[in-house]
Every structure is written in C-alpha cells, then in structure tokens.
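Protein chains in written order, with the numbering used here: chain A, -17 to 159; chain B, 336 to 487; chain C, 605 to 1252.
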Amino acid sequence: MIRRWYLWLPLLAFVGFVVLVTSGLMRPMEREVVSRMVGKPIPGFALKPAISELPGLSSADLEDGRPKLMNIWASWCLPCIAEAPQLEALKAGGAEIVGVAIRDKPEDVARFLAQNGNPYSRIGADDLSAVQLEIGSSGVPETFVVDGDGIITYQHIGDVRAEHVPMLLEKLEDAAQ
Amino acid sequence: MSALKPKHQRLVLVIVAVIALIAAGLLAAYALRNQASYFYVPTQMIAEPPAPTQAVRLGGMVQAGTLETMPDGVTVSFVVGDGEEQVPVRFAGILPDLFVEGSGVVAEGKLGADGTFIADNLLAKHDENYIPRELEDMTAAQVEQTVLETAR
Amino acid sequence: MIAELGLAALWLAAALAGLQLIAGVQSVRQPDGPLASLARPAAVIQGVLAAFAFLMLLWLFAQTDLSVKLVAANSHSAKPMIFKLSGAWGNHEGSMLLWVTVMALAGGLIGYLERRLPEVTMQATLATQAFVGLGFYAFLLLSSNPFERLATPVAEGMGLNPLLQDIGLAFHPPTLYFGYVGLSVAFSFALGALLTRQVTPNFARAMRPWVLGAWIFLTLGITAGSYWAYYELGWGGWWFWDPVENASLMPWLAATALLHSVSVLAARDALRAWTIMLGVVAFSMSMMGTFLVRSGVLTSVHAFAVDPERGTFILVLLGIYIGGALTIFALRAGTVQEGERFTATSREGALVFNNVMLSAILAVVLVGTLYPLLTEAFGIRVSVGPPYFNPVAAIFTLPMLAVMAVGPLLRWRRDGAKRISKPAVFLTICVLLVAVLVTYLSNASLLAILGLAFAAALAVGSLLPLRGRNLLRTPLATWGMVTAHFGIAVALFGMASESAFSIEKLVAARPGDMTEVGPWKITLDGIEPVAGPNWTALQADLRASYKGGSAITLQPQSRTFWSPERETAESALAARWNGQLYAVMGSGIEDGRRQLRLWWKPFVPMIWFGGILVALGGFLSLIGRLTADLKRHYVRRRSAERREDAQV
C-alpha cells in the first residue's frame, strides 16, 4: 500500500477543499456591513415628516427615555412589504417603532402605509440617505434598537422575519434596563 | 527521452504529473502573494496606507454631497467613508450603474502619494434591496399587492 | 391537476432511480440474481417519467397557471410564448428539474442503447448514475419543489421583468447544464469501469460521445457567457476572471483534458487510471461550479440570487459523490493494470504533456478562485484578478500551445523527433517572425505579443495534419480535431489582438462635438429621450465613420428603470469585418456635456468565432465517432449473422 501513496493525494486535496468551503459557509455573510455605530449614541439629526399625518423624526425624539425600534425602509423596497406584518406584530408586542423613509415621495409612502399597514409612530423623510449613512446602515430594510438615552444597542440587517420578532422584543427589553 | 525504463513508466508519469501540479501550486502561491489585491476600508487605509505601487481595493460608502465632476468632464472625485475615516477618491470613466451618493462602492486602484485614491475601476456592490429569499413567507394577498405594485 | 401529475411523475422517477440503484448493485454482486434484468428498464422508464414531469412544467408555464408558486413568481400572462417557456427553467427550481430530466434521459439512453461493455460494468454504471440522480431528486423534492401550489392563486404573475426577457439568458444556463450532465454520465462510466476493473478501450469508446457532447455544450456556454458579459456589462472587457466565469471554465478545462485522454485510451489502451481520475475531476468541477455560483461563498460581479442553504445541500452531494469516488479510486486504481507503453516522443507523449498542462492550468485557476476564501478564514479580504490569472495561466498555456501545434503530426506509440523537425522549425520561425513584427509595429504587452505569435503558429500548425491527405477521405473526426485546434488559434488571435490593439477614449461631449478613436471619426449628433415598457432613457445618436467612409449610427443609452429605481448603461456596438466599435454613454454633467466611453477593438469578434469553431470541431468529431460506431456495430452484427448461417 505504501507504494500507492499517491493515489490518496486527490482525496486529500478534495478534503482540503471541502474544509475550506465549509468554513466559508459557516462564516457569517460579510456582505452585510455591520454598523460601527452600535453601542454609540445616535448622531444628531432632524428629519421632516414623510407624510403629513405623522410627525417627523429627530434625534431628540429618540432620547425621551423610552427604548424604540428605528426601522429604515422605503416604499420602493420589496422586502419591506414582506416585513410589514412582522412590524405589526412587534407593535402588538409593545414596541414603539419609528420609521426613516429613504429617498421616498410622500404619496408613495402614503400608499405603502395604506396597503401594508402603519406600525410607525413617527416617520422622518431621509431624501439623501444622510441619516441612513450616519448611523451606518447600508441598505433597506434595516431595524435598529435604540435605548431611552439614544444609544444604538442593536442592528438588524435585512427584513424582519417571523422568527426575529421575539428576539427583537427581547433586545428592546434589554435596552430598557 | 526514450530511455524511460518501461517497467517504471507509470510511476514516472505520476511523478511528472505531481511535479507539474506542485509547480503550478507553488507558482500560484507566489503570484498570489504579489498579485492579489487586498481589501481596505477607509479606517485601515488611513492607519496603514498601502504602498503607492500596490493595487488594492477600497470599500465603503460614497459620502453624500461629495461627488464632483472635474472640468474635463470625465474625471470624478468623491469621498469614501466607513463612519470613522474618509478617503478621497478620483476616477476617470463612466460611473457604474448602481453608483449614487450614499451607495456602497468598491474602488480598485492605488493610493496616491497625496492620500487620494486613484481608482481604475468602480464596482457598486450593494444593491439597495435585500433580495427576499422567496415569496414563501408572504401571504397570497401580499403577493398580489406586490404584483399590482410592480405591474403598475 | 397538471402540477400534481408532474409531481407524481417526479416521485415515481425518484423511486425508479432507487430501484435502478438496488438492481444495479445486486446484479454487480450476483450477475444472475433476481433483479439483474431490472436496471436497464428502470433507467429507461425513469427517463420517460422525468421528461414527462418537465413537460408538465412547460405546460404550466405555457398556460400561465398562476396557482403554481413557481409560475406566479416567474411568469406573466403578457409575456411572449418563448419567454413563458424559457421561464420554466430560468429559475432555481425549474433549472434543477431540467438538470434532473436531462440526466435521467441520458441514463435511459445508455440503459437502452449501450451494449459494448460487459454487462456487469453497465450495471455498475447504471447504479452510479442512479445514485447521483437520487441526490438530485432529493434536492428537488425536499427543498425545491417546482410544482408547489399557492394557497390562493394570484391574479397576475410577477415575472414581467424585461431584463430577464433576453434570448441569451434563456438559453445560456441550459447549455451549461447539458455540459454538466454529460460529465455526470462520464463520471458514472468511469466509476462503473473502476468498480468492475474494466478500464478498457471499449469503455473509452462508450464514454467518449458523452464527454464530447458535454464539451461542446460547455464550449458554447463559455463563449456565449463571455459575449454576454462583453455586451451587457458595458466595461468593454470579455473575460474578468470572476468566480462565476471561472466556475464555467474549470469544468471545460477538465473536460478538455478528459476528451484527449479518452482518445488515447480508446485508440491505444493507455492512460487508464489517469482517464478515470479525470472523469471524476471533470464532474466534481461541474458540481463545484454550481456550488460556488449558488452558495454565494464567493462574491461575483454577476448578479445571482444566492442561497446558502441550497449551497450547503450541493456541498453535501459534492462531498458524498466526489469524496466517495476518490476513496474508491484510491483503493481500486492500484489494481487497474498498467496500459500500453509509449515513448516520450509519440502522439501519446504529446497528449500526456498537454493533459498535464491543462491540469496545471486548472490548478492555477482553482487556487486563484478559492484564494479569497482561504485568506478570509484568517480575516484578510483580498480579490484575485487578471494580474494573477493572466501571467500564471500563460506560463502553462504557451508550452501547451506549442505542443498542440506539432503533436497531431506525431505517430502513436513511438516516433522520432526528426520526423517532425521540419514543421517544428517552420512553426518556430512563424512565431519569431510574428513576434518581431508585432513588437516593432505596436507597443503591445509581452503576453499579447506572445499570444499573436502563437496564434499564427497554431493556425498553421493545426492545418498541417491535412497536408498530403485526400481531403474527401479524411475521417470526420480528424476534420473535427483540425477545426477545433484552428478555432483555438482564431480565439487566441482575437484575445491577443483585443489586448494589443484596442484603443480607448473617454470624452465629455456636447451635441455636435467630434472625436477620433483610432481610424474612426465619431460625431455626437444629439441626445434625445426614449421610453420603454418600464424605463425611460437618454439615447445618444453617434455618427461614426471609418477612415472617412460612409457613416453608421450607434445609439448607446443611459436607461432609468423605475420600481425599483436604478440606472443602467446600454452599450452600442458597430461591427466591421476587422473589429468592433463599442460605445457606452455615462452620466451628464451640469454644463450640458455628456460622458462617452468609446473603444475600437480590432478583431475582437474572433474570440467568439473561435469559440464557435471549437464547438463545431467537437460536433464534427462527435458525428464522425457516432457514424463509425454505428458502422462497426452493423458490421459486427452482419458477421455474427453470417457465422450463425455458416453453423447452420
């Protein structure tokens, strides 16, 4: 068998390949740009209302002592439609949700809310993605947990799915302490 | 060449193949050390700037309000930031399809001596939309709504 | 009802694959056991059932049955019929069903037709084929059921995206899939032969058409993919060494090597273990390609809906099949008798050399493609591009091209270097002449100069095997080889010429401005808005005249899509016999000028014409082999009949 050592080389190389890609699969997807703002106070901003029915959003609103979810979304974003029921569920679970509408038009926002429900207590219009960039969000939808002092304690990237709802509520509770 | 002892022909062939593959591997490893371009975010690039001859990639967000076109009409400059540090970038060419202020970008090029990153190529990587994995988590009513919206 | 029929057929087909596996394994152990006669009919019926399931899916798409999730998500009643049908495989589930269908049909075909091999080898082959098939059935039925219904049907489908209504996109993925499936058949043959220790020329002859067929499809797939990237991405490049492109190139490299080693085995009964090895490698490369593309472990410029879970499933299948096959290889290959011998200067010697070079190129591409994954494990992010791939691949490609030019002139088994010294000297002069000429006339890079020089020599060298032959009586397979080798020379010429002589110009122009790009004079006549079904665009009217000749119009666009909002640049091409003018329009500047990027790319279409020639060569060769096989079969039957008559 010693003389045939070389017959095992291909298998060895293949095992190496499998180990490599498995480790690659195990690693969390790096394309999700994690914000450097987690654990830091939210930067100061004041956004005008995205629709006339609801007030706009400023950083002061996030420092009123009550923890909140800040949802970065847009009416032109398909996954945002998918996560709408989960936002309703979060609201039903006692979460206060404020929205930041990214590069949107008031009439589009209004239609989106009419179709998918409105879980928000405030919606600020971020027409240039300025706030989105400052808090380190790279896409829509994203959901941030902000505690009562305006400190970002958690960032959820991508749409909120049913399985994330209890986790987000828990994060919110943690932020209240 | 024809003096190969017939008895060992197979072993000789195997050894030739193994040597060629090992040579390929070593060559690849050597070339990769020099030719792979490393990925930097602005903070890293400020902290440990790469040599001006080294081709690297710079990734970050295009800072809002920084995109400018030079008088020649084909060179653009903008600032790429990662929330902490910022690096000015210059690029001559047509901006990629997904490139807007506020979007994520990967610039390929070299860091100039004056601290400006000279890009040869831009990749606007981050799609604004997270791709929904499937429709399966939507109710039929939602699918319908989505359809109406997209068809409009 | 149709969807349920399709699903039932699919489950039945999977069950038959199970039966085929059991029957095959049984009859390998016990050739006259009770199940021995079942594997072949099971393979045939399985093929019919899978094809039926696929037809049902086509039917659903043709009818736009919106109660089926896949149809609702990917089709629309207002689509043209051809895109409705192509929508059936233009998505993950449908494409997996197509894969399974083609694989089952291939299995049915060998089960029905292939009689050259010892029955026990055939049974082992069919068992392997069923084993591979079962994995894909499981994948399809458990995690990607194409026939799933929606609880409530929707009013209209979602797939009216005009971006996806592209004839190239409709036929590109299936082309690659046919290639991958062909390699899976080769894999089954290789394992069947290895398990039953029947690595014979007959085995090679049975396997060859499948390898050839797979190789033709892979060649076409790569050619089309390269043209698509060139045309669609608007970067003026035709190959980016992107992971997705490499994923299609690696199976092609392995299949090319396999194709040549199979020929040696069929003609000369040499390279037995090596051919088996390549059979396993070629299939593993095609599965790995699918895995890399679908799993998203590597980032790519080509947009793909990635899904790590499905990627994991493919990885598990890959591990089982390839890990298993390589283990069997390690255990068994030592017992495969060494084949016929040959000297270094012989046709076999040249083919072995090129096989080794192809394997080395494969290794180089594989290492480069996976390297970012390796460094990421240590927290460093890198990307590997042309500066690595071009020179390192060239180091192995150039000697291969040299041997390729003279190898076909060598005789089998044993030949003297003297006999080919004349053409070799002639070709060397060819190389030097062109190299000196190009260096003198242009400032091309070293690689481009070498490419042009070797292309010229290979073009001449590839035709030499026809010298002194009666062209009408030359076997079709020889014509195939000559055409394919000539095609490589043509493609290489296109690549090197593009790299050496391309002229690029970037301007900001107002309407009325004129600019020169090489021999072209290009005037921007105006910019006007145009509208499409879900986009508006600004379209530039460019009047281009070649060396003062009559003008042609190019209309590159800068399109804005709504929902979701995004801008894309649509390139415009003008082709002449000696090259292409390529225009892209960029964004506008406040002072009213518009960015234009213009390229004059001499002889760039040769890249894809060459690719088509290579595929054509493969096709000629395939026809030649198949007719020869048929003739041989017919003669054998006739002589068997005559013998029987004589006995009577």
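The beta-carbon is built from N, C-alpha and C at its ideal position, and this holds for glycine as well.
Since this is a predicted model, take the numbers as computed values, not measurements.
request  = Under 7 Å Cβ to Cβ from Y465(B), same chain only, skipping five residues before and after it: list those, please.
outcome  = Note that Y465(B) scores a pLDDT of 37, beneath 50, so its modelled location is shaky; the value from the coordinates is reported in the next line. Within the same chain, Y465(B) has no close Cβ partners at all.
request  = Mind checking who E1108(C) pairs with in its DSSP beta bridge?
outcome  = W1203(C)
Segment limits, alpha helix (DSSP H) that includes V736(C) = 723 to 742
inquiry  = In the DSSP output, what is S40(A) paired with across the bridge?
reply    = A28(A)
query = Which bits of chain A does I926(C) rub up against, with CB to CB less than 8 Å?
reply = Chain A residues near I926(C): F(-4).
request  = For chain B, find out if any of its Cβ atoms is closer than 9 Å to the Cβ of Y992(C); answer yes or no.
outcome  = yes
query = If you count every other CB in all the chains shown that lies within 10 Å of the CB of T474(B), and 16 or more means buried, which is it?
reply = With a pLDDT of 36 at T474(B), under the threshold of 50, the modelled position of this residue cannot be trusted; read the value that follows with caution. Exposed, because fewer than 16 other Cβ atoms sit within 10 Å of the Cβ of T474(B).
message = Taking only three categories from DSSP, how would you classify I1211(C)?
response = helix
key: Span separating the alpha-carbon of F687(C) from that of H776(C)   = 13 Å
request  = Closer than 9 Å by beta-carbon distance: list the chain A residues that pair up with V353(B), in chain order.
outcome  = Those within 9 Å of V353(B) in chain A are Y(-12), L(-9).
message = Rounded to the nearest angstrom, what separates L863(C) and G712(C) at their Cα positions?
response = Each residue's Cα considered, the two are about 23 Å apart.
message = Does M1118(C) pass the burial test, meaning 16 or more other C-beta atoms within 10 Å, or should it be called exposed?
response = exposed
query = Excluding five sequence neighbours on each side, which residues of the same chain lie with their C-beta closer than 7 Å to the C-beta of A1059(C)?
reply = A1093, L1096, F1097, A1100
Beta strand (DSSP E) segment containing K1125(C), residue limits = 1124 to 1135
inquiry  = Against A858(C), what residues of chain B qualify as contacts under a CB-to-CB distance less than 7 Å, listed in chain order?
reply    = Identification of chain B residues near A858(C) by a Cβ-Cβ cut-off of 7 Å yields none; the smallest Cβ-Cβ distance measures about 13 Å.
message = Buried or exposed, going by whether 16 or more other CB atoms sit within 10 Å of the CB of G140(A)?
response = buried
Contacting residues, own chain, Cβ-Cβ under 6 Å from W814(C) (five flanking each side not counted) = G786, V789, A790
Where the beta strand (DSSP E) containing Y1186(C) begins and where it ends = Start and end: 1183 to 1192.
query = Can you tell which of L1041(C), D1195(C), V920(C), L1045(C) has its C-alpha closest to the C-alpha of V3(A)?
reply = V920(C)
query = By the 10 Å Cβ neighbour count, where 16 or more other Cβ atoms means buried, how is K153(A) classified, buried or exposed?
reply = buried
query = Enumerated in chain order, which unbroken segments of the alpha helix (DSSP H) with a length of 4 residues or greater are wholly contained in the region 817 to 895 of chain C?
reply = 847 to 872
key: Assigned secondary structure, P23(A) (DSSP; H/G/I helix, E/B strand, else coil)   = strand
ask   = What residues match up with W55(A) in a beta bridge as DSSP calls it?
value = A83(A)
ask   = Would you say D1195(C) faces chain B, with C-beta separation under 9 Å as the test?
value = yes
ask   = Since R345(B) meets chain C, which of its residues come closer than 7 Å, beta carbon to beta carbon?
value = E942
query = Out of R93(A), G118(A), P123(A), which has the shortest C-alpha to C-alpha gap to Q68(A)?
reply = P123(A)
ask   = With 16 other CB atoms within 10 Å as the buried threshold, where does H138(A) fall?
value = buried
ask   = Under the three-state reduction of DSSP, which class applies to L709(C): helix, strand or coil?
value = helix
ask   = In chain order, what residues of the same chain have a beta carbon less than 7 Å from the beta carbon of E70(A), not counting five sequence neighbours either side?
value = G99, P101
task = Could you please tell me which residues of the region 102 to 130 of chain A, in chain order, have their CB closer than 9 Å to any CB of chain B?
result = Residues L110, S111, A112, Q114, L115, E116, I117, G118, S120, G121, V122, P123, E124.
task = Would you tell me roughly how many angstroms separate the C-alpha atoms of M854(C) and T860(C), rounded to the nearest one?
result = 10 Å
ask   = With C-beta atoms as the reference, is P635(C) less than 9 Å away from E718(C)?
value = no
query = In angstroms, rounded to a whole number, what distance separates the CA positions of F(-4)(A) and W(-10)(A)?
reply = The alpha-carbon atoms of F(-4)(A) and W(-10)(A) are separated by roughly 10 Å.
message = At the level of alpha carbons, what is the spacing between Y741(C) and A618(C)?
response = 6 Å
task = Can you tell me which of G883(C), W663(C), L1200(C) puts its alpha carbon nearest to the alpha carbon of P(-8)(A)?
result = G883(C)
P1327(C) burial status per 10 Å Cβ neighbour count (16 or more: buried) = As shown, chain C starts at 605 and ends at 1252. That puts residue 1327(C) outside it, with no answer to give.
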